[in-house]
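See structure below.
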Amino acid sequence: GQAPAGRVRALLRYTAGVAATALGDADDAATRLEEAAAEARETDQTQVEGMVRSQQALLAQRQGRPGEAVTRYRQALALAEAGTFDGYRIGLRIMHAVAEAVSCHAERRVDQAAGALLCFGQAVGRPLLSAPHSGYYGHYLGWLVLGLAAILFLLFR
Numbered sequence: 566g567q568a569p570a571g572r573v574r575a576l577l578r579y580t581a582g583v584a585a586t587a588l589g590d591a592d593d594a595a596t597r598l599e600e601a602a603a604e605a606r607e608t609d610q611t612q613v614e615g616m617v618r619s620q621q622a623l624l625a626q627r628q629g630r631p632g633e634a635v636t637r638y639r640q641a642l643a644l645a646e647a648g649t650f651d652g653y654r655i656g657l658r659i660m661h662a663v664a665e666a667v668s669c670h671a672e673r674r675v676d677q678a679a680g681a682l683l684c685f686g687q688a689v690g691r692p693l694l695s696a697p698h699s700g701y702y703g704h705y706l707g708w709l710v711l712g713l714a715a716i717l718f719l720l721f722r
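In my numbering, the protein residues as written are 566 to 722.
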């Protein structure tokens, strides 16, 4: 869709701006970063826009324009305070996307797999769990004493 393609374009322009900054080509860096900011804004890629604003602030700072640097840093800070860079929110968006994909494309398969797992668990687990349960009080008391002895052994060995 539009958002992933816009994100890729904005990130490529951002990367070109970072490279131009590193190479000392301030004019090219400013152009690339402004293009990246516009692309990020148009496609609602606020995280990328925040990265771009920080890089623009660094570029302005290196060029001796502290007023512009402060403005760009404030823009990046406003995006960060809005939760753009919050790992929890990013993770939540990822989990929502995964859940949506699973519910749209694999819900029936997941239900079938869960049903098969439950049937297998009942077929194997019921005999294993019911065998030691005899209903005799002495057996339960024996299991209790053995369990207590095992715990004490592990604690004081």
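Note that the Cβ used here is the ideal one computed from N, Cα and C, for glycine as well. A quick note: this is a predicted structure, and the numbers were derived from the prediction, not measured.
Just to confirm before moving on: does the CB-CB distance between residue i and residue j stay below 8 angstroms?
{"i": "GLN640", "j": "ARG618", "result": "yes"}
{"i": "ALA575", "j": "LEU624", "result": "no"}
{"i": "ARG550", "j": "VAL613", "result": "Outside the shown range of the chain (566 to 722) lies residue 550, about which nothing can therefore be said."}
{"i": "ALA603", "j": "ALA622", "result": "no"}
{"i": "ALA581", "j": "ARG597", "result": "yes"}
For residue i, count neighbouring C-beta atoms within 10 Å of its own C-beta (all shown protein chains included) and say buried if the count is 16 or more, exposed if not.
{"i": "VAL583", "result": "buried"}
{"i": "ALA696", "result": "exposed"}
{"i": "ALA601", "result": "buried"}
{"i": "GLN687", "result": "exposed"}
{"i": "GLN677", "result": "exposed"}
{"i": "LEU644", "result": "buried"}
{"i": "ALA585", "result": "buried"}
Please name the residue, chosen from the options, that lies closest to residue i on a Cα-to-Cα basis.
{"i": "GLN610", "options": "ALA595, PRO631 and TYR579", "result": "TYR579"}
{"i": "ARG627", "options": "ARG597, GLY589 and VAL675", "result": "GLY589"}
{"i": "LEU642", "options": "ARG630, MET660 and MET616", "result": "MET616"}
{"i": "ARG553", "options": "GLU599, LEU657, SER668 and GLY656", "result": "Nothing can be reported for residue 553, as the shown portion of the chain is limited to 566 through 722."}
task: Return the chain-ordered ranges of every alpha helix (DSSP H) run that is complete within the stretch 610-662 and spans a minimum of 4 residues.
output: 611-627 and 631-646
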